[in-house]
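Data first, discussion second: the structure below is written as structure tokens.
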Amino acid sequence: MPTGKRIFSGAALAIAMAGAAFAEDLPEISITAVGVNQHSLASTENEQPFWNEVIPEASGGNVSVTFAPMDIMGIKGDQVMSMTQLGVVDFGASDISKMAGQNPLFEGCDLAGLALDIETARAACEAWLPVMSAAAEEQFNIKLLALGANPPQVIWCNDPLEGLADLAGRKVRVFNKTMTDFVEAAGATAVSIAYAEVVPALQRGVVDCAVTGSGSGNTAGWWEVATHQFQVYLGWAINFQSVNLDRWNSFTPETQAFFTGQFDQLSDDLWTVAAMSVNDADYCNFGTGECKLGKVANPPMVNVPVSDADRAQHAEIMQNVVLLEWARRAGRDNAEKWNETVGNVVGLEIPLDQM
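Sequential numbering of the sequence shown, starting at 395, is according to this note's numbering.
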């Protein structure tokens with residue numbers, strides 16, 4: 395069992411034991427849950443032990459769970475959202491950007507390049523959570539229970555580059571609209587390609603570079619086809635944990651309180667594992683330290699750091715392109731809410747008069 399899984403399932407089980415008397419008040423129920431892709435750290439270190447071990451133990455056996463990661467079920471992230479919305483499954487987890495495809499406000503805390511460290515990413519998303527929660531219930535009939543993150547989304551290239559200016563003229567795989575805004579402002583051509591098709595696309599030159607997490611790309615073996623990794627952070631692929639709202643409303647108050655407490659703990663664990671994975675992914679990709687959670691890249695990748703010139707160009711793109719383009723998609727009301735919440739966290743402001 396991976397180290398992280400031992401640590402975090404153990405912590406949650408300790409809480410479960412402390413609440414054993416409370417669990418006796420829970421009615422017996424059976425639930426179904428779908429998680430993120432099975433090979434992601436959020437799945438192996440958090441979701442799998444949470445559903446398979448923690449919830450049954452914490453409930454004293456009163457909650458039985460049928461759980462599977464989405465790829466095991468042969469479904470995609472947007473399908474998880476639809477299945478949860480319709481009540482086909484009770485609980486569902488996916489990337490928040492899958493909801494942004496239907497409502498841009500869900501991009502608000504994970505805009506490309508917004509948060510340059512995981513502490514800021516969490517603070518931004520927690521500030522934006524009430525806005526997302528209200529929209530999720532009204533539009534999708536789901537209740538958001540927790541958020542988590544992946545390792546930072548970075549740029550993997552199969553040719554040398556020195557920084558942001560070198561993206562000009564390259565074809566870069568992205569997976570959401572805000573990333574498209576960023577890379578195209580840097581002079582690149584954004585290309586949408588499914589995750590499973592990226593490795594052959596890099597091999598055949600269909601794309602020159604591709605965006606994914608520093609950790610997920612490592613475990614998927616992207617270092618076998620990419621030589622350089624540019625450390626400009628283009629988001630954190632924020633995951634959400636949700637429940638069908640009708641199913642939630644059918645639970646007793648005790649059951650709702652039980653799940654609320656368990657998901658609060660899961661949220662902490664998701665962010666903790668993501669924070670651990672930031673340095674570990676770098677160790678694995680660049681050979682600069684002990685690789686515990688991923689695979690040792692052989693040969694090691696070239697680490698392309700962010701220069702002062704990159705930071706200046708990055709700030710300009712964020713202020714003049716990424717923020718404005720998102721605000722125009724999301725609308726003035728959401729832009730005003732963003733300035734009052736996320737904007738205060740990151741020290742940025744959307745110029746409403748330019749929308």
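Idealized CB from N, CA, C, for every residue including glycine. Here the structure is a predicted model, which means the values were calculated and not measured.
Residue i, enclosing alpha helix (DSSP H) - first and last residue
i, result
"asparagine 643", "639-644"
"asparagine 733", "726-734"
"proline 450", "449-452"
"valine 672", "647-680"
"histidine 708", "702-711"
Nonlocal neighbours in the same chain, by C-beta distance under 6 Å from residue i, ignoring five residues either side
i, result
"serine 424", "Ser458"
"valine 712", "Here residue 712 turns out to be methionine, not valine, going by the sequence shown. Excluding residues within five positions, the ones whose Cβ falls inside 6 Å are Gly507."
"lysine 375", "Lying before the first or after the last residue shown, residue 375 is absent from the chain, which here runs from 395 to 749."
"lysine 686", "Asp674"
"phenylalanine 444", "Leu660"
"alanine 415", "Note on alanine 415: pLDDT 45, under 50, position unreliable in the model; the coordinate value appears next. Nothing listed; no residue qualifies."
"glycine 737", "Glu743"
"serine 527", "Leu538"
"alanine 721", "Ala729, Ile744 and Met749"
"tyrosine 627", "Leu510 and Pro546"
"threonine 524", "Looking at the sequence shown, residue 524 is not threonine but proline. For proline 524, where only same-chain residues beyond five positions count, there are no Cβ hits under 6 Å."
"valine 483", "Thr426, Val428 and Met477"
"leucine 717", "Ile744"
"aspartate 575", "Val715, Val716 and Glu719"
"glycine 683", "Tyr677"
"isoleucine 587", "Arg567 and Ala595"
Other residues of its chain near residue i: CB distance less than 8 Å, five sequence neighbours each side excluded
i, result
"valine 566", "Ile549, Val577, Ala582, Thr583, Ala584, Val585, Val601, Asp602, Cys603, Ala604 and Val605"
"valine 740", "Leu508, Ala509, Thr514 and Ala518"
"glutamine 650", "Trp642"
Buried versus exposed, by CB contacts within 10 Å (16 or more), residue i
i, result
"valine 690", "exposed"
"glycine 371", "Because residue 371 is not part of the residues shown, which for the chain are 395 to 749, the question remains open."
"histidine 708", "buried"
"proline 693", "exposed"
"leucine 596", "buried"
"aspartate 747", "exposed"
"methionine 477", "buried"
"lysine 719", "Before going on, a small fix: residue 719 reads as glutamate here, not lysine. That one is buried."
"asparagine 643", "exposed"
"aspartate 511", "exposed"
"threonine 426", "buried"
"glycine 468", "exposed"
"aspartate 704", "buried"
"asparagine 638", "buried"
"alanine 562", "exposed"
"glycine 404", "Only weak support is given to the placement of glycine 404: the predicted model assigns it a pLDDT of 49, under 50, and the question is left unresolved by the model."
"glycine 615", "exposed"
"threonine 572", "buried"
"glycine 629", "buried"
"methionine 609", "For the sequence presented, residue 609 should be read as glycine rather than methionine. So glycine 609 ends up on the buried side."
Member of the options whose CA lies at the smallest distance from the CA of residue i
i, options, result
"aspartate 658", "Pro699, Val700 and Asn440", "Asn440"
"phenylalanine 634", "Ala452, Asn456, Glu501 and Ser453", "Glu501"
"glycine 455", "Glu422, Ala462 and Leu480", "Glu422"
"alanine 540", "Ala579, Gly688 and Phe653", "Phe653"
"leucine 480", "Asp575, Asp640 and Arg722", "Asp640"
"serine 636", "Asn738, Leu538 and Val428", "Leu538"
"glycine 495", "Pro546, Val672 and Ala530", "Ala530"
"proline 554", "Arg564, Asp484 and Pro545", "Arg564"
"tryptophan 665", "Leu558, Asp727, Thr438 and Arg516", "Arg516"
"arginine 726", "Pro463, Pro498 and His433", "Pro498"
"glutamate 730", "His622, Trp522 and Tyr589", "Trp522"
"glutamate 591", "Val483, Thr438, Val568 and Val672", "Val568"
"serine 701", "Glu556, Glu710 and Gly607", "Glu556"
"alanine 706", "Glu684, Ala559 and Val482", "Ala559"
"valine 387", "Ala588, Gln656 and Gly607", "Nothing about residue 387 can be reported from this structure: the residues present for the chain run from 395 to 749 only."
"asparagine 535", "Asn570, Gly599 and Phe485", "Phe485"
"glycine 542", "Glu532, Asn570 and Asp504", "Asp504"
Other residues of its chain near residue i: CB distance less than 7 Å, five sequence neighbours each side excluded
i, result
"phenylalanine 617", "First, the amino acid is wrong: residue 617 is tryptophan here, not phenylalanine. Around tryptophan 617: Asn679, Ala691 and Met695."
"tryptophan 732", "Gly502 and Ile744"
"valine 619", "Asn552, Val593, Leu596 and Gln597"
"aspartate 419", "Glu648"
"isoleucine 466", "Gln432"
"valine 430", "Ala436, Ser437, Glu441, Pro463, Met464, Ala487, Ser488 and Asn633"
"alanine 579", "Ile711 and Val715"
"threonine 646", "Pro421"
First and last residue of the uninterrupted beta strand (DSSP E) at residue i
i, result
"isoleucine 425", "423-429"
"asparagine 692", "Where asparagine 692 is concerned, there is no enclosing beta strand (DSSP E), given that its DSSP letter is neither H nor E."
"histidine 433", "Per DSSP, histidine 433 belongs to no beta strand (DSSP E) and is neither H nor E."
"glutamine 623", "622-624"
Neighbour flag for residue i against chain D, beta carbons, 8 Å
i, result
"alanine 530", "This model lacks chain D altogether; it includes just one protein chain."
- beta strand (DSSP E) runs contained entirely in the region 533-617, provided each spans 3 or more residues: List check, beta strand (DSSP E) in window: 536-542, 547-551, 565-568, 583-586 and 603-607.
- What residue ranges within the region 440-525 form continuous beta strand (DSSP E) runs of no fewer than 3 residues, ordered along the chain? 457-463 and 485-489, all fully within the region 440-525.
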